[in-house]
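Number of protein chains: 2
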Amino acid sequence: MDYLALMKEISRSSPTKIVLIVIDGLGGLPNPEIGRTELESAHIPNLDTLTATGVCGLADPIAPGITPGSAPGHLALFGYDPISCNIGRGVLEAIGIDIELQPGDVAARGNFCTVDKKGMVTDRRAGRISTEKCTELCKLLDGISVNGVNISVYPVREHRFVAVFHGSDLAPEVTESDPQQTGFAPLLITAVNPEAAKLADTANRFIARAKEILAEQHPANMVLLRGFSRQPDLPTMREIYKLKPLAIAVYPMYRGLARLVGMDIARTGTTLADEFTALKQNYKNYDFFFLHIKWTDSAGEDGDFGRKVDVLEQIDKALPSVVNMEPDVLVITGDHSTPAMLSGHSWHPVPVLICAKYCRPDDVSEFSEPAFLRGGLGRLNATQIMPLAMANALKLNKFGA
Amino acid sequence: MDYLALMKEISRSSPTKIVLIVIDGLGGLPNPEIGRTELESAHIPNLDTLTATGVCGLADPIAPGITPGSAPGHLALFGYDPISCNIGRGVLEAIGIDIELQPGDVAARGNFCTVDKKGMVTDRRAGRISTEKCTELCKLLDGISVNGVNISVYPVREHRFVAVFHGSDLAPEVTESDPQQTGFAPLLITAVNPEAAKLADTANRFIARAKEILAEQHPANMVLLRGFSRQPDLPTMREIYKLKPLAIAVYPMYRGLARLVGMDIARTGTTLADEFTALKQNYKNYDFFFLHIKWTDSAGEDGDFGRKVDVLEQIDKALPSVVNMEPDVLVITGDHSTPAMLSGHSWHPVPVLICAKYCRPDDVSEFSEPAFLRGGLGRLNATQIMPLAMANALKLNKFGA
Numbered sequence: 001m002d003y004l005a006l007m008k009e010i011s012r013s014s015p016t017k018i019v020l021i022v023i024d025g026l027g028g029l030p031n032p033e034i035g036r037t038e039l040e041s042a043h044i045p046n047l048d049t050l051t052a053t054g055v056c057g058l059a060d061p062i063a064p065g066i067t068p069g070s071a072p073g074h075l076a077l078f079g080y081d082p083i084s085c086n087i088g089r090g091v092l093e094a095i096g097i098d099i100e101l102q103p104g105d106v107a108a109r110g111n112f113c114t115v116d117k118k119g120m121v122t123d124r125r126a127g128r129i130s131t132e133k134c135t136e137l138c139k140l141l142d143g144i145s146v147n148g149v150n151i152s153v154y155p156v157r158e159h160r161f162v163a164v165f166h167g168s169d170l171a172p173e174v175t176e177s178d179p180q181q182t183g184f185a186p187l188l189i190t191a192v193n194p195e196a197a198k199l200a201d202t203a204n205r206f207i208a209r210a211k212e213i214l215a216e217q218h219p220a221n222m223v224l225l226r227g228f229s230r231q232p233d234l235p236t237m238r239e240i241y242k243l244k245p246l247a248i249a250v251y252p253m254y255r256g257l258a259r260l261v262g263m264d265i266a267r268t269g270t271t272l273a274d275e276f277t278a279l280k281q282n283y284k285n286y287d288f289f290f291l292h293i294k295w296t297d298s299a300g301e302d303g304d305f306g307r308k309v310d311v312l313e314q315i316d317k318a319l320p321s322v323v324n325m326e327p328d329v330l331v332i333t334g335d336h337s338t339p340a341m342l343s344g345h346s347w348h349p350v351p352v353l354i355c356a357k358y359c360r361p362d363d364v365s366e367f368s369e370p371a372f373l374r375g376g377l378g379r380l381n382a383t384q385i386m387p388l389a390m391a392n393a394l395k396l397n398k399f400g401a
Numbered sequence: 001m002d003y004l005a006l007m008k009e010i011s012r013s014s015p016t017k018i019v020l021i022v023i024d025g026l027g028g029l030p031n032p033e034i035g036r037t038e039l040e041s042a043h044i045p046n047l048d049t050l051t052a053t054g055v056c057g058l059a060d061p062i063a064p065g066i067t068p069g070s071a072p073g074h075l076a077l078f079g080y081d082p083i084s085c086n087i088g089r090g091v092l093e094a095i096g097i098d099i100e101l102q103p104g105d106v107a108a109r110g111n112f113c114t115v116d117k118k119g120m121v122t123d124r125r126a127g128r129i130s131t132e133k134c135t136e137l138c139k140l141l142d143g144i145s146v147n148g149v150n151i152s153v154y155p156v157r158e159h160r161f162v163a164v165f166h167g168s169d170l171a172p173e174v175t176e177s178d179p180q181q182t183g184f185a186p187l188l189i190t191a192v193n194p195e196a197a198k199l200a201d202t203a204n205r206f207i208a209r210a211k212e213i214l215a216e217q218h219p220a221n222m223v224l225l226r227g228f229s230r231q232p233d234l235p236t237m238r239e240i241y242k243l244k245p246l247a248i249a250v251y252p253m254y255r256g257l258a259r260l261v262g263m264d265i266a267r268t269g270t271t272l273a274d275e276f277t278a279l280k281q282n283y284k285n286y287d288f289f290f291l292h293i294k295w296t297d298s299a300g301e302d303g304d305f306g307r308k309v310d311v312l313e314q315i316d317k318a319l320p321s322v323v324n325m326e327p328d329v330l331v332i333t334g335d336h337s338t339p340a341m342l343s344g345h346s347w348h349p350v351p352v353l354i355c356a357k358y359c360r361p362d363d364v365s366e367f368s369e370p371a372f373l374r375g376g377l378g379r380l381n382a383t384q385i386m387p388l389a390m391a392n393a394l395k396l397n398k399f400g401a
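Residue numbers (our numbering), protein chains in the order written: chain A, 1 to 401; chain B, 1 to 401.
Take a look at the structure:
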């Protein structure tokens, strides 16, 4: 079933408001020392109270067993099929540093690397040069023009950068130059189809120019490019859901993903309190709010069980300010699980809670993975969360007569 | 997966009998004053006893969040994909007044309307003329012949009628004449593809003739047509399931939907008792029975919580007469939820109970939405109910060796 097409057909605009709070990396695993997950360990009375009034369940961002990256995890939450809407590495890196790509631009992920006198790669990361050094070197490469194509080069972090190719007739289906191992020369980039010939040639000439410019630099005397990709042309949430959506996110990656689906981006400071203030300030002017909270995921990625518990408790304390605005639909979920026990994203299904006037509550009153197993939403796919939010906001017409 | 194709491949005829009782609008929502749903409020000991012996769950007629109309709700229960088998408005109106469409017929939903001297629509419903008046005006238009196409016109209710175009080479892909707002002239009907040119021209000429005939009538001096559609050519339940199916339904819409999938239609009176009597009388001659009970939905649509509870209790009292016939498989479910709190169809999943000798019972013993959350069927799609009924009737061969 083409869920988005169905949404587009039956969605209707209305004054009701939906707040979607995404607690990044929300789900966890039991800490073997205490036998409880991060959520079960946290003192989160406000989340428990909301759970008692709402309907809950566990969502698979992609499918059981599949660990999602941030991009597919979020696209699924916005209702987009995360497999067919997959976003290339280059575009994702660009989005992650707040670059607004134009239609037709091709972005590539770059590494500064070290090559020896024979041109063989000796270090794919150029000794992880500092971000300052990377910034300096990017300035040397930024603005090179080849074949009428202008190449912008932006530093990311340490040896990593983004190259954006602006020009006409650039198809992104090209191979990468990174040999993925040392002792080999960077690979010639080749076109996978005839349309991509111009980009392949342009990229190879750019790399040759970069090699000349960097010749006297050490250890970063060469570049490797991969993940050539173009921004996908996704239908916007306005088109599909007839919503006026706003994104509130501290980190650029999540603002970029929101921009991809046509959300406006709120100005916000860098703290949880700042994000909730931004929600309050913009509450009148939008009917859909995506509020992204990063720090649970960061703690999980660091394998820091205690810090993840702390962040969950901070979120819980901040929640009443949202509840007091009385959104018609409040959804609290995550883009994927990040158990501290795994120090990384995982495949485990993610708790999802929907609070709304007509949500048919279940008897769960504890916000945790094991409690949500008994929830009224059951086990669902993350792409079904938006249709449920829309239904609960009474923003969907009946299908068929 | 093409479930119907699989069913066709592995189904087999056998003497076992399946009774599918569809309690229209079965699921509900808690009444905030008492904290219980209609089902939780009703005294339904027979349903509870059946639940204790059977296996239960909650079914999505289409998908989570999607509120179905009656047609997709029923097609899903019969095992047909309700999205790809969607039925046009004109056909549905025809079905709803017991018209048996022939292959090739195109049906349109009509409104009598009022136009001023310049031909602008001033009232799209002609002041909601009486059904008697509508019947009288339909007689004036019935039987008009244009381009070798004969047009039958049937009154529905108040200003509404159905026009059926009988003729060859009529493709239904045409636009509608209803401008959907006053102050505009009725729209010229146009063909969306070349095959539909004949119908577009025929419909426009019919409308012109209707305008002449109605010229002196007031306020119903013009017609508007929309929802042109042809009856879908669905494989029958006999072909798919090798069943001999009978429908028992008081309301024409449900008889029409049953006819669409090839069921025979039982003669029945207008009460619940009449329907159960019809089941008993026909029990020997069929092996599948669809028994439709409308009044739960009507009460829900009216927002009448108490009346819905009453109807549920009446159904419960009537059930032993079915149980005593000892059908091999008894399925009790609904086509969608109609919570009195919403006064309309809703997206909430629908209770489904299967009682059969080999059904692997769960430990649920209360027929209600929250209890069914713990049922052995889990959360399923309504199109999966027929395969389960067939399996429990031992009417399916093993798939693969």
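Even for Gly, the Cβ is constructed at its ideal location relative to N, Cα and C.
Determine the burial state of residue i: buried for a count of at least 16 other Cβ atoms within 10 Å of its Cβ, exposed for fewer.
i                  : result
Arg-157 of chain B : exposed
Thr-383 of chain B : buried
Pro-61 of chain A  : buried
Lys-117 of chain A : exposed
Asp-233 of chain A : exposed
Glu-33 of chain A  : exposed
Tyr-241 of chain A : buried
Lys-398 of chain B : exposed
Ser-168 of chain A : exposed
Gly-88 of chain A  : buried
Pro-186 of chain A : buried
Arg-267 of chain A : exposed
Glu-275 of chain B : buried
Gly-73 of chain A  : buried
Gly-90 of chain A  : buried
Contact check, residue i vs residue j under 8 Å by CB: the rounded distance?
i                  : j                  : result
Ile-385 of chain A : Val-364 of chain A : About 17 Å; that fails the 8 Å criterion.
Ala-273 of chain B : Ala-340 of chain B : That belief does not hold up - the Cβ atoms of Ala-273 of chain B and Ala-340 of chain B are roughly 24 Å apart, past 8 Å.
Gly-69 of chain B  : Trp-347 of chain B : At roughly 12 Å, the Cβ-Cβ gap does not stay under 8 Å, so Gly-69 of chain B and Trp-347 of chain B are not in contact.
Leu-39 of chain B  : Glu-369 of chain B : 6 Å
Leu-92 of chain B  : Ala-401 of chain A : 5 Å
Leu-75 of chain A  : Leu-20 of chain A  : Contact flag wrong, Cβ pair sits at about 13 Å.
Asp-98 of chain B  : Arg-230 of chain B : 18 Å between Cβ atoms; not a contact.
Leu-388 of chain A : Val-322 of chain A : Actually they are not in contact, since the Cβ atoms of Leu-388 of chain A and Val-322 of chain A sit about 19 Å apart, beyond 8 Å.
Give the interface partners of residue i over in chain A, defined as CB-CB distance under 9 Å, in chain order.
i                 : result
Thr-67 of chain B : Ile-10, Ala-391, Leu-396, Asn-397, Lys-398 and Phe-399
Leu-92 of chain B : Gly-400 and Ala-401
Ile-95 of chain B : None at all; the shortest Cβ gap to chain A is about 10 Å.
Output, in chain order, the set of chain A residues within a Cβ distance shorter than 8 Å of residue i.
i                  : result
Met-325 of chain B : Neighbours of Met-325 of chain B on chain A: none; closest Cβ ~33 Å, over 8 Å.
Met-341 of chain B : Tyr-358
Who are the neighbours of residue i on chain B, taking C-beta pairs under 9 Å?
i                  : result
Pro-387 of chain A : Ala-63, Pro-64, Gly-65, Ile-66 and Trp-347
Tyr-380 of chain A : Position check: residue 380 of chain A holds Leu in this sequence, whereas Tyr was assumed. Neighbours of Leu-380 of chain A on chain B, chain order: Pro-64 and Arg-379.
At a CB-CB cut-off below 7 Å, which residues of chain B make contact with residue i?
i                  : result
Leu-77 of chain A  : Within chain B, no residue comes near Leu-77 of chain A; the closest Cβ sits about 14 Å away, beyond 7 Å.
Gly-376 of chain A : Leu-373
Along chain A, which residues have their Cβ under 7 Å away from the Cβ of residue i?
i                 : result
Asn-86 of chain B : Gly-400
Arg-89 of chain B : Ala-401
Name the chain B residues that come within less than 8 Å of residue i, Cβ to Cβ?
i                  : result
Gln-384 of chain A : Ala-63, Pro-64 and Gly-65
Consider the Cβ of residue i: report whether some Cβ of chain C lies at a distance smaller than 8 Å.
i                 : result
Ile-83 of chain B : Of the protein chains in this structure, namely A and B, none is chain C.
For the region 360–374 of chain A, which residues have a beta carbon sitting closer than 9 Å to at least one beta carbon of chain B? Arg-360, Pro-361, Asp-362, Asp-363 and Arg-374
Members of the region 220–254 of chain B that neighbour chain A once the beta carbon cut-off is set at 7 Å: Across the region 220–254 of chain B, no CB contact with chain A closer than 7 Å is found for any residue.
Using 8 Å as the cut-off, can you tell me whether the region 48–56 of chain A makes contact with the region 359–377 of chain A, which would need three or more C-beta pairs spanning the two stretches below that distance? yes
If contact is defined by three or more beta carbon pairs under 8 Å, each pair taking one atom from either stretch, is the region 127–141 of chain B in contact with the region 153–167 of chain B? yes
Contact between the region 64–81 of chain A and the region 132–151 of chain A (3+ Cβ pairs under 8 Å): no
Check whether the region 17–30 of chain A and the region 102–111 of chain B touch, using three or more Cβ-Cβ pairs below 8 Å as the test. no
Relative to chain B, which residues along the region 2–31 of chain A have a C-beta separation below 8 Å, given in chain order? Tyr-3, Leu-6 and Ile-10
Three or more beta-carbon pairs under 8 Å between the region 240–258 of chain B and the region 206–224 of chain B, yes or no? no
If contact is defined by three or more beta carbon pairs under 8 Å, each pair taking one atom from either stretch, is the region 180–200 of chain A in contact with the region 36–54 of chain A? no
Residues of the region 152–178 of chain B whose Cβ lies closer than 9 Å to any Cβ of chain A, in chain order: none
Between the region 2–19 of chain B and the region 309–318 of chain B, can you find at least three pairs of beta-carbon atoms closer than 8 Å? no
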